[in-house]
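Keeping their order, the protein sequence lines are chains A and B. Residue numbering for the first sequence follows full-length UniProt numbering, starting at 1 and increasing by one per position. Residue numbering for the second sequence follows full-length UniProt numbering, starting at 1 and increasing by one per position. What follows is a short report on a single structure.
2 protein chains.
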Amino acid sequence: MILSALLTSVGINLGLCFIFVTLYSILRKQPGNIVVYAPRLVSGGKLQDDGEFNLERLLPNAGWVRRAWEPSDDEFISAAGLDAFVFIRIFVFSLKVFTFAGIVGTIFLLPINYTGTQLRDLPNKSLDSFSISNVNNGSHRLWIHFCAAYVFTGVVCILLYFEYKYIASKRIACFYSSKPEPHQFTVLVRGIPVPPERTCKDAVEQFFMEYHPSTYHSHSVVRRSSKLQILTTDAERLYKRLTQLKNKDNSPQRQRRDGFLGLFGHKVDMLDHYEKTLGDIADNVRIEQSFMAGKEVPAAFVSFKSRFGAAIALHLQEGVNPTHWITEQAPQPHDVYWPFFSVTFIRRWISKMVAYVACNAITILFLIPVALVQGLTHLDQLESMFPALRSILRLAVVSQVITGYLPILILQVFLSFVPALMIMLSSLQGYISWSQIQKSACTKVLWFTIWNIFFANVLSGSALYRLNYLLEPKEFPRVLAEAVPVQASFFMAYVVAFGWTNIASELFQLIPLFYNYVNRFFGGDCDDDFEAPTIPYHKEVPRILFFGLLGVTYFILAPLILPFLLVYFCVGYIIYRNQLLYVYVPKFETRGEFWPTVHNYTIFSLILMHIIVIGIFGLKKLPIASGLILPLSIATLLFNEYCQKRFFPIFQAYPVECLIKKDRQDQNNPNMSEFYDKLTKAYNDPALMPIKYSGRFRSRRTPLLSSESQNSVRESSSQDNLV
Amino acid sequence: MILSALLTSVGINLGLCFIFVTLYSILRKQPGNIVVYAPRLVSGGKLQDDGEFNLERLLPNAGWVRRAWEPSDDEFISAAGLDAFVFIRIFVFSLKVFTFAGIVGTIFLLPINYTGTQLRDLPNKSLDSFSISNVNNGSHRLWIHFCAAYVFTGVVCILLYFEYKYIASKRIACFYSSKPEPHQFTVLVRGIPVPPERTCKDAVEQFFMEYHPSTYHSHSVVRRSSKLQILTTDAERLYKRLTQLKNKDNSPQRQRRDGFLGLFGHKVDMLDHYEKTLGDIADNVRIEQSFMAGKEVPAAFVSFKSRFGAAIALHLQEGVNPTHWITEQAPQPHDVYWPFFSVTFIRRWISKMVAYVACNAITILFLIPVALVQGLTHLDQLESMFPALRSILRLAVVSQVITGYLPILILQVFLSFVPALMIMLSSLQGYISWSQIQKSACTKVLWFTIWNIFFANVLSGSALYRLNYLLEPKEFPRVLAEAVPVQASFFMAYVVAFGWTNIASELFQLIPLFYNYVNRFFGGDCDDDFEAPTIPYHKEVPRILFFGLLGVTYFILAPLILPFLLVYFCVGYIIYRNQLLYVYVPKFETRGEFWPTVHNYTIFSLILMHIIVIGIFGLKKLPIASGLILPLSIATLLFNEYCQKRFFPIFQAYPVECLIKKDRQDQNNPNMSEFYDKLTKAYNDPALMPIKYSGRFRSRRTPLLSSESQNSVRESSSQDNLV
């Protein structure tokens with residue numbers, strides 16, 4: 001790629017971003033868009049809408065930047081949660097790393113690369129003249145690159161250490177300041193051996209009364225309720241509509257056609273229609289529930305009187321047979337993933353294996369279609385395949401768009417399906433909570449991205465046949481060293497085209513905005529489905545970390561990529577702070593358990609960088625430098641090993657010191673008896689709760705909705721009032 | 001190798017074994033040899049020596065076989081401990097496996113191999129005609145071998161499963177029937193953060209009183225005492241002699257020359273001489289001890305009131321910083337390895353790394369000298385190196401001895417140094433008990449044996465240059481398939497020459513017997529150093545398992561090896577039962593923790609067998625069979641994974657169920673208060689105990705020997721009386 005193509009791309013994307021941001025700063029001030037741009041405030045009930053129109057509303061301004069910037073770390077954590085804070089720390093960490101890398105790269109590496117004469121036959125403005133490929137073979141100037149690799153790795157490791165330490169301390173601090181929560185007192189017990197003539201409930205009761213008599217509090221046995229869940233979800237949705245309709249008594253919306261989108265079909269009285277359907281569902285639910293009482297899964301949520309008691313049950317092997325009475329940390333009650341409580345130890349283990357194999361197969365085989373389609377975007381190949389288009393393809397603009405944009409677009413189309421796919425695989429793996437599923441999917445998407453974006457582009461872009469070499473470990477550094485620098489310009493374009501636009505559109509929220517307008521145009525009564533969105537960590541974290549990987553691997557090879565990355569992380573920092581404070585509602589709180597993934601990934605990036613640099617020095621006829629990188633890799637791995645021992649345990653479980661201190665605090669807490677009452681019912685399957693109705697309905701049938709879902713009804717109706 | 005060479009070897013070794021066993025059955029009945037052949041009974045004080053001479057003593061008989069055979073499993077466990085039982089189960093397991101393999105091999109595989117015509121140009125009696133190499137390429141008879149591989153793997157896995165289950169159940173049963181032991185109530189705590197103005201003792205006391213108030217019992221802080229240990233060991237040895245001398249008052253041994261072996265030099269009164277030296281040492285010890293009180297290591301043995309309490313402290317992370325307050329299971333008090341309590345977490349970790357690297361380096365580099373020396377034993381190479389010896393080397397007997405014996409002898413000389421070396425490396429790794437050091441050394445010796453006996457012989461014997469191919473994973477099965485069958489006759493000779501003789505000489509105990517005679521000849525007062533020997537598991541287990549590996553890998557290739565192995569395991573079973581009942585005293589009791597190593601090693605053997613078979617089928621032009629072995633390997637690995645989950649946790653820690661039951665038993669035990677008193681002092685460093693003297697000595701100086709060493713003095717003097 002030549003400089004002008006890159007500049008074209010930068011220009012287009014800068015323009016797009018500018019338009020998005022300007023539009024955002026106007027649109028967010030319109031009252032109708034509040035559900036798009038500040039749904040958190042809506043669902044929290046914090047917004048007062050003055051309703052008056054004034055001119056200031058139509059002028060773009062940067063007040064939102066100030067508001068997103070202002071909150072301190074602690075304010076941010078208390079507003080958005082520790083997970084959101086960790087997410088933001090990825091940007092902070094990357095900014096620190098790439099500011100340093102940018103300075104070193106611009107002052108030392110770029111001039112050396114540019115003054116080299118290795119690639120003499122390049123067009124003058126080719127981006128390759130800024131890459132290490134342009135340094136003469138055997139030149140002693142390469143020792144500057146060598147030193148840069150050492151210094152950079154050192155700086156990254158130091159930053160990683162302090163970041164890990166800081167987040168670990170925040171995690172402990174959050175634990176100390178937290179209110180008593182059911183999941184802190186509860187463990188999930190699986191593989192309960194139920195004697196033939198007894199129920200699971202009795203077995204659990206007897207076991208824990210016998211072996212944890214002083215700390216055992218209560219338990220709820222899990223039941224197989226997937227069919228019921230579908231029914232209850234239907235009932236809940238219907239009940240919400242019903243409540244709303246009754247609130248808006250005699251509004252024209254009571255009469256509606258029963259066809260597509262309420263536009264066609266016969267007019268019916270919605271209240272009667274809903275009541276009838278709800279009645280049918282409630283009957284089904286009752287039949288299912290009575291049927292269900294016997295369908296126990298040999299698993300139970302067992303609650304204890306103290307956090308320490310729960311930790312003891314969690315960490316000690318309970319039964320003589322290690323496949324019985326398996327304990328794991330209970331998730332937050334609303335975080336439990338009910339549909340998949342597989343029955344036995346063996347089935348759970350097999351489904352884990354299957355998901356693992358499927359995930360690997362998808363990750364590896366996905367490469368093939370992507371590589372094929374990517375290969376098409378090489379101009380010469382396109383020309384030979386479509387000779388008729390030759391004249392068009394030779395136009396400068398077309399060729400620049402094709403080489404700069406098309407590969408990225410194709411990648412994006414393919415990639416947009418991946419996070420959902422990985423979530424599906426992770427949920428098959430038998431995780432019991434949404435947070436674990438997301439964490440696992442996050443790792444899967446990470447490896448997927450590395451393999452299918454980094455390696456696929458590096459290796460297929462220039463030569464698919466190199467894959468064979470890749471299987472031979474000895475050839476690995478050489479193959480990478482040949483292929484990676486060649487793709488520098490592609491990844492620069494990738495950062496600009498995909499990275500920049502991506503965060504701008506994240507701010508602009510095009511799809512929710514469009515949906516909101518459509519919704520308002522066709523009548524607002526779909527608002528009852530309104531829920532503030534949650535941030536899909538499994539999609540966003542890999543995306544951001546991948547830009548970090550690009551920065552780390554290309555720092556030595558082509559430092560020209562760094563300024564573009566700095567812009568990305570800088571703008572991303574502000575925008576995601578804004579989104580996390582005003583748009584996304586945390587669905588769960590793992591208290592920073594995503595950070596170890598970030599840490600490991602950064603270590604992986606460093607090692608990958610070392611491997612490439614080893615290959616590069618080999619190609620550049622500087623074998624000594626090549627060999628001397630090896631100790632750096634070993635030191636990095638040892639550093640990682642140390643961090644694993646020093647910090648990782650804090651992210652797995654809370655230490656005795658914290659648990660006991662917290663338990664002692666609770667002893668003076670007057671609300672504990674109330675909390676214990678709540679604890680008894682916290683882990684009842686919502687699908688099996690007695691169904692509650694309100695108003696005149698209660699007289700006719702048994703209650704249908706759980707207190708929890710009633711809460712959400714209350715929330716959503718208050719949202720209606722606000723919007 | 002031709003059949004006659006093997007038969008020569010079999011003949012020689014059978015003769016040797018017969019002589020050893022006959023001599024043993026005579027010599028063991030001589031009263032003077034009791035310390036060699038039944039030291040356990042001597043140290044247990046169970047032997048009454050009638051002293052009378054009768055003719056029956058000079059006749060060989062097999063009564064010892066009956067006595068070794070008779071005890072049931074439970075009797076054997078109560079007599080020799082669970083570790084010894086597990087050791088014997090290796091033989092039982094191998095016997096089961098190779099009886100099955102022997103039947104299948106003799107009935108199905110041997111005839112097929114022998115009737116093949118692939119190796120037409122072989123001398124008629126070559127052993128290779130019994131190996132798979134002789135089956136014709138592409139022959140459909142190879143499918144019998146294929147089925148044998150599947151059936152054999154299945155049978156081994158089933159046997160492994162039931163053996164693991166049986167030993168796990170024995171482990172739990174032993175725990176239930178055990179008396180309260182200090183190590184069950186104690187954990188070792190390392191990385192104690194000592195505040196600057198306080199002592200480690202205070203820090204431990206405060207921490208456990210605060211966070212484990214209801215279960216904490218007592219603690220002993222570890223001190224840096226390596227110099228003191230040397231002094232105390234000297235003092236103990238001297239004190240033993242002194243006591244003995246005083247017992248034999250006015251015996252001629254009181255006057256002795258002070259030179260070499262008491263034969264040369266001036267005559268001195270030994271009692272005075274010893275007392276003077278002991279006095280000097282005691283002064284040194286006191287100085288060191290007073291100096292030592294401040295030299296605390298940030299580690300302590302912390303005891304709890306119940307096993308459950310200790311387990312809680314063991315399994316839960318204690319402090320906020322995971323590198324502080326690290327807990328691990330305390331070993332039995334006499335099993336503690338005092339010399340190496342490295343100071344900090346980091347130092348311990350680094351020394352672990354260093355030991356790991358050193359061990360790998362030694363394992364890999366050891367191959368070079370062995371391979372070189374082994375290479376020399378190939379006749380043609382010897383002839384070209386020593387042309388003068390050509391005529392001698394061409395003699396049939398010489399050539400047979402050289403090909404049958406010399407390689408094995410060379411291996412043995414090299415290998416005899418290895419276990420001690422590995423023990424040294426393991427003790428550098430920072431393990432805190434002899435049992436852990438032995439377990440770790442056992443694994444090291446295992447890998448060492450596989451690499452330096454199996455791979456070195458397979459690859460260097462025929463071609464050292466093949467090592468290069470070995471580094472390429474794709475070539476691995478092919479290289480092995482070419483090289484392994486060629487070495488079948490070598491390993492047959494190895495089993496016969498080394499295996500058989502080895503167990504016979506184990507029974508005969510040549511070196512202790514020789515030492516005993518020398519000792520008695522030069523006067524018996526060296527007997528005060530007498531201690532019943534302990535079995536060196538790290539040396540014996542790898543040796544026996546290696547024969548198992550040979551059997552598993554050669555089952556398909558050359559089933560002729562199986563009868564020799566069966567003889568080995570059969571005779572070994574009886575002999576080792578005898579040795580464990582009458583010779584070896586258990587130094588520690590890990591309750592069967594060696595079995596997981598045996599299990600993993602057997603799985604490794606199976607996988608290695610599969611890899612070789614894949615290569616063989618490839619070479620034999622049966623690629624379908626080659627591919628179809630792959631699912632078998634995967635199934636084997638999954639089976640192993642399952643066993644790891646199902647049984648391994650039982651060998652790591654006892655479950656809550658057992659702990660609580662055992663604790664409740666103790667509540668009714670009237671001896672518990674006495675036990676708690678003992679517990680307080682159980683983990684005091686023997687080097688730091690107040691020194692105790694007895695008799696007139698006590699009046700002059702402070703006591704010097706601990707009660708434990710006094711016990712051993714008492715034991716050894718009672719042994720004197722018996723011998």
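Each residue gets a CB set at the ideal place from its N, CA and C atoms; glycine is no exception. Computed from a predicted model, the values in this text were never measured in an experiment.
Cα-Cα separation, A:Phe-108 to A:Leu-562: Numbered from 1 along the first sequence, position 108 holds the residue referred to as residue 108 of chain A. Numbered from 1 along the first sequence, position 562 holds the residue referred to as residue 562 of chain A. When rounded, the distance between both Cα atoms is 13 Å.
Neighbourhood of B:Cys-658 by C-beta, 8 Å cutoff - its chain only, sequence neighbours within 5 removed: Taking the second sequence and counting its residues from 1, the one referred to as residue 658 of chain B is at position 658. So the list reads Ile-172, Phe-175 and Tyr-176, once near-sequence residues are dropped.
Other residues of its chain near residue 727 of chain A: CB distance less than 8 Å, five sequence neighbours each side excluded: Nothing about residue 727 of chain A can be read from this structure; chain A reaches only from 1 to 723.
One or two residues paired with B:Ser-126 in a DSSP bridge: Working through the second sequence from its first residue, we reach residue 126 of chain B at position 126. Its beta-bridge partners are B:Ile-2.
The segment 93-108 of chain B touching the segment 150-169 of chain B, judged by at least three CB pairs closer than 8 Å: Touching, yes.
From B:Pro-649, B:Pro-686 and B:Val-401, residue whose alpha carbon lies closest to that of A:His-324: The count along the first sequence starts at 1 and reaches residue 324 of chain A at position 324. That would be B:Pro-649, whose Cα lies nearest to the Cα of A:His-324.
Option nearest B:Leu-679 by Cα separation, candidates B:Ser-303, B:Ala-168 and B:Leu-242: Looking up residue 679 of chain B in the second sequence gives position 679. If we check each option's Cα against that of B:Leu-679, B:Ser-303 comes out closest.
C-alpha gap between A:Phe-93 and A:Ile-453, whole angstroms: Counting from one through the first sequence, the residue named residue 93 of chain A turns up at place 93. Counting from one through the first sequence, the residue named residue 453 of chain A turns up at place 453. Distance between the alpha carbons of A:Phe-93 and A:Ile-453: 23 Å.
Chain B within 8 Å of A:Tyr-683, Cβ atoms only: Your numbering for residue 683 of chain A matches position 683 in the first sequence. Not one chain B Cβ lies under 8 Å of A:Tyr-683.
B:Thr-199 - DSSP class collapsed to helix/strand/coil: Walking along the second sequence from the start, residue 199 of chain B turns up at place 199. Correct three-state label for B:Thr-199: coil.
Three-state secondary structure assigned by DSSP to A:Leu-7: Your numbering for residue 7 of chain A matches position 7 in the first sequence. A:Leu-7 falls in the helix class under three-state DSSP.
Best match in B:Ala-5, B:Val-552 and B:Tyr-24 for proximity to B:Thr-602 [C-alpha to C-alpha]: Position 602 of the second sequence, counted from the first residue, corresponds to residue 602 of chain B. For B:Thr-602, the nearest C-alpha among the options comes from B:Val-552.
Whole beta strand (DSSP E) elements within the UniProt domain "CSC1/OSCA1-like N-terminal transmembrane" (5-163) of chain A, 3-residue minimum: List check, beta strand (DSSP E) in window: nothing returned.
Environment of A:Leu-164 [buried if 16+ CB atoms lie within 10 Å]: Looking up residue 164 of chain A in the first sequence gives position 164. In the sequence under discussion, the amino acid at residue 164 of chain A is Tyr, which differs from the Leu named in the question. It counts as buried.
Minimum Cβ-Cβ distance from B:Ile-312 to chain A less than 8 Å: Taking the second sequence and counting its residues from 1, one reaches residue 312 of chain B at position 312. Taking CB atoms only, B:Ile-312 has a neighbour in chain A less than 8 Å away.
Local Cβ density within 10 Å of B:Tyr-573, reported as buried at 16 or more and exposed below that: Locating residue 573 of chain B in the second sequence gives position 573, where the first residue counts as 1. With 16 or more other Cβ atoms within 10 Å, it is buried.
Other residues of its chain near B:Ile-575: CB distance less than 7 Å, five sequence neighbours each side excluded: Along the second sequence, one-based indexing puts residue 575 of chain B at 575. Cβ neighbours of B:Ile-575 beyond the five flanking positions: Ile-503, Glu-506 and Leu-507.
Euclidean distance between Cα positions of A:Met-353 and B:Asn-137: For the purposes of this step, residue 353 of chain A is taken as the residue at position 353 of the first sequence. For the purposes of this step, residue 137 of chain B is taken as the residue at position 137 of the second sequence. Approximately 37 Å between the Cα atoms of the pair.
8 Å Cβ cutoff met for B:Val-613 and B:Ala-149: Position 613 of the second sequence, counted from the start, is the residue given in the question as residue 613 of chain B. Position 149 of the second sequence, counted from the start, is the residue given in the question as residue 149 of chain B. For B:Val-613 and B:Ala-149, yes; Cβs fall inside 8 Å.
Inter-stretch contact at 8 Å, needing at least 3 Cβ pairs: the segment 629-636 of chain A / the segment 604-611 of chain A: Yes, the segment 629-636 of chain A touches the segment 604-611 of chain A.
Span separating the alpha-carbon of B:Gly-615 from that of B:Pro-631: In the second sequence, counting from the first residue as 1, residue 615 of chain B sits at position 615. In the second sequence, counting from the first residue as 1, residue 631 of chain B sits at position 631. Straight across, the Cα-Cα distance linking B:Gly-615 with B:Pro-631 is about 15 Å.
CB contact below 8 Å: B:Val-354 versus chain A: Residue 354 of chain B sits at position 354 when you count from the first residue of the second sequence. Chain A, which has no Cβ nearer than 8 Å to the Cβ of B:Val-354, makes this no.
Expected contact under 8 Å - CB spacing of A:Trp-143 and A:Asn-578 to nearest Å: Counted from its first residue, the first sequence places residue 143 of chain A at position 143. Counted from its first residue, the first sequence places residue 578 of chain A at position 578. 44 Å between Cβ atoms; not a contact.
Min CB distance B:Gly-615 to chain A below 8 Å: Here residue 615 of chain B refers to the residue found at position 615 when the second sequence is read from its first residue. So no, B:Gly-615 is outside the interface.
Contact set between the segment 12-30 of chain B and chain A, restricted to residues whose Cβ is under 7 Å from the partner: Flagged: no residues at all.
is_contact[B:Gly-627, chain A] using C-beta, thresh 8 Å: Counted from its first residue, the second sequence places residue 627 of chain B at position 627. Taking 8 Å as the threshold, the shortest C-beta distance from B:Gly-627 to chain A does not fall below it.
Anticipated Cβ contact below 8 Å, A:Ala-330 with B:Gln-317, distance rounded: Within the first sequence, the letter at position 330 stands for residue 330 of chain A. Within the second sequence, the letter at position 317 stands for residue 317 of chain B. Between B:Gln-317 and A:Ala-330 the Cβ distance is about 18 Å, and since that is not below 8 Å, they are no contact.
Short Cβ contact (8 Å threshold) for B:Leu-238 with B:Leu-278: For the purposes of this step, residue 238 of chain B is identified with residue 238 of the second sequence, where counting begins at 1. For the purposes of this step, residue 278 of chain B is identified with residue 278 of the second sequence, where counting begins at 1. For B:Leu-238 and B:Leu-278, yes; Cβs fall inside 8 Å.
Residue-chain proximity (A:Ala-653, chain E), Cβ-Cβ < 8 Å: This model lacks chain E altogether, as its protein chains are A and B.
Residue burial classification, A:His-599 (beta-carbon count within 10 angstroms, cutoff 16): Numbered from 1 along the first sequence, position 599 holds the residue referred to as residue 599 of chain A. Burial call: buried.
DSSP-derived helix/strand/coil call for B:Ile-326: As a first step, residue 326 of chain B must be located in the second sequence, where it is residue number 326. Here DSSP, grouped into helix, strand and coil, assigns B:Ile-326 to strand.
Contact check, B:Asp-74 vs B:Glu-589, beta carbons under 8 Å: Reading the second sequence from its first residue, position 74 is the one you call residue 74 of chain B. Reading the second sequence from its first residue, position 589 is the one you call residue 589 of chain B. A distance of 8 Å or more separates the beta carbons of B:Asp-74 and B:Glu-589.
Beta-carbon contacts of A:Arg-307 that lie in its chain and below 7 Å, excluding the five residues immediately before and after: Reading the first sequence from its first residue, position 307 is the one you call residue 307 of chain A. Closer than 7 Å at Cβ, skipping near neighbours: Gln-184, Phe-185, Leu-659, Lys-662 and Asp-663.
Separation of B:Lys-240 from B:Leu-271, as counted between CA atoms: Your numbering for residue 271 of chain B matches position 271 in the second sequence. Your numbering for residue 240 of chain B matches position 240 in the second sequence. In this structure, the alpha-carbon of B:Leu-271 lies about 12 Å from that of B:Lys-240.
Same chain only: Cβ atoms within 6 Å of residue 735 of chain B, ignoring 5 sequence neighbours per side: It is not possible to answer for residue 735 of chain B, since the shown part of chain B is limited to 1 through 723.
A:Met-424 classed as buried or exposed, judged by whether at least 16 other C-beta atoms fall within 10 angstroms: Translated into positions along the first sequence, residue 424 of chain A becomes position 424. Exposed, since its Cβ has fewer than 16 Cβ neighbours within 10 Å.
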